[in-house]
Structure formats: C-alpha cells, structure tokens
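In what follows, a structure is listed as structure tokens, so that the remarks can point back to it.
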Amino acid sequence: MILDLDHTLGCGQVFRWRKEGDEWKGVVDGRMVTLRQTGERIDVSGMSEERFAIYFRQDDDLKAIYEELGGDEHLSSYFKRYQGLRLVRQDPWECMASYVLATNANIPRIQGMIEKVCRTFGTEMDGFYAFPTPGQLLDRCERSESCGLGYRSKRFIEMARLVQREEVDFSGLMSMGYEECVQELVRLPGIGPKVADCVSVFSLEHLEAFPVDVRIRKAMAELYGMEGSYRTVNRLSREKFGRWAGYAQEYIYYAYGR
DNA sequence: CATCAACCTGATCA
DNA sequence: ATGATCAGGTTGA
23 MILDLDHTLG CGQVFRWRKE GDEWKGVVDG RMVTLRQTGE RIDVSGMSEE RFAIYFRQDD
83 DLKAIYEELG GDEHLSSYFK RYQGLRLVRQ DPWECMASYV LATNANIPRI QGMIEKVCRT
143 FGTEMDGFYA FPTPGQLLDR CERSESCGLG YRSKRFIEMA RLVQREEVDF SGLMSMGYEE
203 CVQELVRLPG IGPKVADCVS VFSLEHLEAF PVDVRIRKAM AELYGMEGSY RTVNRLSREK
263 FGRWAGYAQE YIYYAYGR
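For the first sequence, my numbering gives the first residue as 23, with consecutive numbering after it.
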C-alpha cells in the first residue's frame, strides 16, 4: 500500500523520527529502526515487516479514505500533493507523555524537551536514546529538573506514576467509543481536550478524533469559516469529516504548516 | 457550558 | 543585541 515516509514522519504527528541523509531513524518497541524509501520501495531494518505494517497503519485503505473525503475541494488538493501521508500507530504511553510535554510550546522546543528526557532517562543504543519507560522515569525523577520542562514536569511525572500503577487502561480506552475515551482521558493530569484528541487518534484507534490546535483553528476558520470554542470547532469538524476526521486533520495540519 | 488569567521557558519577532 | 511576544494547552476560578 502507498506510503510516503517523508510526509508521514515529517508531518508533525511524531516527534522523534529524524532524517539523516536519505535514512529515517527512530525507535520502535525499544529497538532502533532505520528506513530508506526509494520511490515505492521501502527498505526496513530493525523491525519485522509485520510490525512495520502495523506501525504504519497499512490496514487503513488510503484510497477509500481519499474517495470518501475527496469531495472536499481543499482535501482533494492536499491528497494529491501529499499522497501517501498516513497516520501512525504510536505507543500509547509515549504518545500520551509526549503530548503532555507538548502543551503550549513550539515544535523546536517540544523536540528539545523530549530529546532531553530521552537522554536523561531512556536506554541508549548507538548514540540514540529510547523514550523512557514510566519506571525509568520514576527511578530518578528528580533529574527531570534539568530537562527544562517547566510546569509540564509535574504532570509528566504524575502521568508516569498512574501508568506504572496500571491506573490507565489503554486497551480499555481503545475498545470504548471515542467520546467516552476523551471523557476518561481529560481526567488525567496534563490532559485537556486537545491532548485527549491527539492521544485518541495517534495511539488509541479513534480515527474520528480531530485535535484542534492554534494552527488547525486558523486553518478551519480560513478554509471553512469555522470559529468558536474548542468544542465547537472539534464537533463541526467531526461532523464534516466523519469517521476519518483524524486523517483530514493531519493533511490540513501538514498543508497549513508549509 | 463559556471565559480568562496564570503558567515555565526556549524560540522567534521587532 | 535585547526586551516583548509567541508557542501543537491545561488548570482553576
């Protein structure tokens, strides 16, 4: 199935993949992964083909999504321009923790904070660091002071505590409906409506979620005249795009940031 | 429900 | 160069 690594890993949904020359490097399941795309072909090392297919959501019928949403003038143009941009199946803990850190900071800073956290707490492999497990974080949580996380630090550590104690039921959140999932997520420290939507769509299989950040808010206002509270823009967008709203959001976000 | 200031701090702007 | 403003929001009132 069609997949474009540059769009998929560069659109902003993931924070830690890096392109070095023509290779994408990242960590999946605590393993270093290297990817190289030449045309349609992708060489994979460090992960199985099966794991690759799951991680890059090869089970989503992208052509069907394009057809279902292609009636929209803006999306149809984005689909042509950024063909092969896919959502990724992120690890729920890493996704949740990363987006808690990502609140009210710009992308360079977000990447800096996450990189510092990985270097401070994560397992090292060939100069690359894995995202820390909740246990690694809690073992030396006083070190988080040197990571420049600001007021996110407390929320980050508290989140690790909840996950470590298994008080966050990821598989339960995946199997319940989108609305209920969001309702549960916003009870957690550092998670408001926006982060709840990000976690829902990027790691909990709720592809109808539609995160509204400042960039998307601007885009939805300019493209469709949608304005109002988070709840309003979110609801109108989900009504407009339906079950694949998450895909629509990612294309709009990417297109609007360029 | 909607609104709003306060919040850490590195990037970016003027 | 340097002070103001902004940045993929959340919280509590």
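Heads up, the beta-carbon is just placed ideally off N, CA and C, and yes, glycines get one too.
Counting C-beta atoms within 10 angstroms of its own C-beta, P130 has fewer than 16 neighbours from the protein chains shown and is therefore classed as exposed. Here I274 is buried. Its C-beta has 16 or more other C-beta atoms within 10 Å. Within the same chain, A152 come within 6 Å of V49 by CB-CB distance, once the 5 residues on both sides are set aside. Rounded to the nearest angstrom, the Cβ distance from F263 to L91 is 6 Å, consistent with a contact under 8 Å. Membership of M196 in the alpha helix (DSSP H) is indicated by the continuous run 192–197. The three-state reading of DSSP puts E244 in helix, counting H, G and I together.
Beta-bridge annotation (DSSP): M147 is paired with F150. Nearest to P156 by alpha-carbon distance, out of C117, W39, R111, D26, is C117. By the beta-carbon neighbour count (other beta carbons within 10 angstroms, threshold 16), V236 is exposed.
Sequence-distant Cβ neighbours of I213 in its own chain, meaning closer than 6 Å and more than five residues away, are L207.
By the Cβ neighbour-count rule, N126 is exposed, with fewer than 16 other Cβ atoms within 10 Å of its own.
For Q59, the enclosing beta strand (DSSP E) starts and ends at 53–60.
Secondary structure of I76 (DSSP, three-state): helix.
One Cα belongs to Q205, the other to S222, and the distance between them is close to 11 Å. The Cβ-Cβ distance between W266 and I136 does not fall below 9 Å. Judged by DSSP in its simplified three-state form, S251 adopts coil rather than helix or strand. Boundaries for S225: no beta strand (DSSP E) harbours it, while the alpha helix (DSSP H) harbouring it runs 215–225, taken from the DSSP string.
Counted as a single uninterrupted DSSP element, the alpha helix (DSSP H) harbouring I87 occupies residues 84–91.
Counting the other Cβ atoms within 10 Å of the Cβ of P211 gives fewer than 16, which makes it exposed. A residue is called buried when at least 16 other Cβ atoms come within 10 angstroms of its Cβ; M248 meets this threshold and is buried. Residue state for V110 is assigned as coil, using DSSP reduced to three classes.
Here the C-alpha atom of G106 lies approximately 42 Å from the C-alpha atom of E164.
Taking 9 Å as the cut-off, the Cβ atoms of V139 and L31 do not count as close. Per DSSP, reduced to three states, the secondary structure at G134 is helical.
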